[in-house]
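Below you'll find the structure, written out as structure tokens, and then a few comments.
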Amino acid sequence: MQAETLLSLPDGLVITDFYFAEATLHLLIASVGPHALCPLCKSASAAQHSSYERTFRDVPCGNYAVQIHLTTRRFFCREGTCPRQIFTERFAHFILPRARISERFRQALRALSVVSAHEAAARLARLLHLPTSVTTVRRQLAALPLPVESQPTHIGIDDFAFRRGQTYGTVIVDLDSHHILDLLPDRTTATVEAWLRRHPQVRVISRDRAGEYAQAATRGAPQAVQVADRFHLLVNAGDCLERFIHRHLALLQEASAPSLPSAAPVSRAERHLQEQRATQRAQRYQTIQELTQQGHSQQDIAQILGIARGTVITYQRAATAPASVSRERVRAIDAYLPFLRAQWEAGQQNTHVLWEAICAQGFRCSSHYLRRYLAQWRTEPGQKGRPPKAPIATPTTLPQPQRRLSPRRLRWIGWKSPTDCTATEQAQLEACVQRCPDLLRIQQALLAFKDLLAQRDRSRLDRWLTEAEHSALPELMGFAGGIRRDYAAVAAALECPFSQGPVEGQVNRIKTVKRQLYGRAGLSVLKHHLLCQAA
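Here our numbering is used: the first residue of the sequence shown is 38, the next is one more, and so on.
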């Protein structure tokens, strides 16, 4: 086998010599074709004018990088009407004019640039004996032609974040092939509507409950059937339950408060700080309610008060000022505080003796932890000089402290089927229902809606909506009103097989690519990474 065939060189090129230098194989190649074609008039010419040497990189050979020194000829063009009198012979599928890398070298770089980050692609290329730079990899990716748009009939639309909470784009996915069709620079109604108008063949549009996409689909593709995503409907139902919980948060958390008393002393300074914070929360609650009534948006209120938007939402949903905005902390020692306080008051203040006593009851922390905690008790008035006494007899085991239910945890318990709840969850839920009977009503209504979606029972939707709209529960009525406004899409969700599953998968893929690119994933780069890789 000839070397030219082994190295897959084009016809008309022969190897005249080679040598090795610094882990690089240098190939001296000459063109021996009888003639060449003029790039303008395409006429053949055999009249050679001169020659010169071109140097460029090629794909590796074994463990050696390859550099080619190609002797390229110039020819006279004998076509009288051609404006070019002298031309250089071309090697269209091997090396482009003025290029410093061969076409197969270029294709290898582009393949690496599509599937990995620029820095990683450059490092991998060097390991594969394709010496290059990050700039070259980035340039090769940008030069890739985007695939020709297909003509999909079933699509899914969702948003993704360029910068979370700040800038968003739109991803459009083919629900048949599960491939990304396009990425749009924003999620406005006008942008999505314009894309849909350019694709009149679309017949089904799957989307979430966002109003912008619903409006864009109605205007841009009136011929298409809109399908609300079933998963997002379940999320909306869970949000409805959580809004109800926030409105009755103080009552429900009181029902689920820890049953064990805390013997930890509260100093005067700490009590004053708690009262001060309660006053601040009450003032903030009043301010947020006033700004809401004045028509300010949640984002505007957050900027005015210098707080997070999530805090604004929590205060807006609450019927009264929240008793606490932080999760209650349950310490490992809390269950043993009554016993420790009784021993302390009885005179037993030896840390090691107390530590051994509570370890026998299940305490798992070190004696140093207990010593640091008891240090605050030793500073209390009248605690010095008290003689030690024998420990008081106590049970061998102590009940573990129960955490106060957070709104998210209570939502999770209320969203589960009663048969799926543990005994503890059942007891917590029953305690909350006793304090707030409406919790059972809204839970049963939302579980009925959940079963309706699971069974895909279109016939029960109207009856459920009627009952929810007359429930006298503001959160449930608002949820039912939202479904009524989007009735056609929700009804289609119970009849059509399409969902947002492929779209959400592509959104996760976009997040992965953005992380790989370390914040350099603009719209153009994302398009080349995602669309070219699918092609």
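By construction, the Cβ of each residue, glycine as well, lies at the ideal position given by its N, Cα and C atoms.
For residue i, count neighbouring Cβ atoms within 10 angstroms of its own Cβ and tell me buried if that reaches 16, exposed if not.
| i | result |
| --- | --- |
| V69 | exposed |
| P511 | exposed |
| V185 | exposed |
| T226 | buried |
| Y352 | buried |
| G193 | buried |
| H389 | exposed |
| S139 | buried |
| D488 | exposed |
| A372 | buried |
Note down the Cα distance separating residue i from residue j, rounded to an integer number of angstroms.
| i | j | result |
| --- | --- | --- |
| R94 | F268 | 52 Å |
| V51 | I66 | 6 Å |
| R495 | R244 | 19 Å |
| S403 | R552 | 41 Å |
| V470 | L374 | 30 Å |
| T42 | H155 | 33 Å |
| Q177 | R200 | 26 Å |
| Q203 | K79 | 55 Å |
| L107 | S150 | 27 Å |
| I344 | I350 | 11 Å |
| H72 | V152 | 41 Å |
| R354 | R163 | 57 Å |
| F376 | T416 | 19 Å |
Can you tell me which residues form a DSSP beta bridge with residue i?
| i | result |
| --- | --- |
| I105 | L64, F93 |
| L44 | In DSSP, L44 forms no bridge with anything. |
| A23 | Lying before the first or after the last residue shown, residue 23 is absent from the chain, which here runs from 38 to 572. |
| L50 | S68 |
| S536 | DSSP lists no partner for S536. |
| H191 | V241 |
| A265 | R244 |
With DSSP run on the structure shown, which of helix, strand or coil describes residue i?
| i | result |
| --- | --- |
| A397 | coil |
| I370 | coil |
| C569 | helix |
| A58 | strand |
| V272 | helix |
| Q311 | helix |
| Y406 | helix |
| H292 | Looking at the sequence itself, residue 292 is Ala, so the reference to His does not match. A292: helix per DSSP, three-state reduction. |
| R472 | helix |
| R244 | strand |
| I344 | coil |
| Y205 | strand |
| Q386 | coil |
| L218 | strand |
| Q320 | helix |
| F131 | coil |
| C98 | strand |
| R200 | strand |
| D211 | strand |
| T118 | coil |
Taking residue i and residue j to be in contact with their CB atoms under 8 Å, please state how far apart those CB atoms are, rounded to whole angstroms.
| i | j | result |
| --- | --- | --- |
| L328 | A530 | L328 to A530, Cβ: 36 Å. No contact. |
| V262 | R234 | Not quite, the Cβ-Cβ distance comes to about 17 Å (not below 8 Å), so this is no contact. |
| Q543 | V210 | 5 Å |
| Y250 | V229 | 6 Å |
| L568 | V562 | Going by Cβ atoms, the distance from L568 to V562 rounds to 11 Å, so no, they are not a contact pair. |
| L502 | A517 | 5 Å |
| R472 | L289 | 7 Å |
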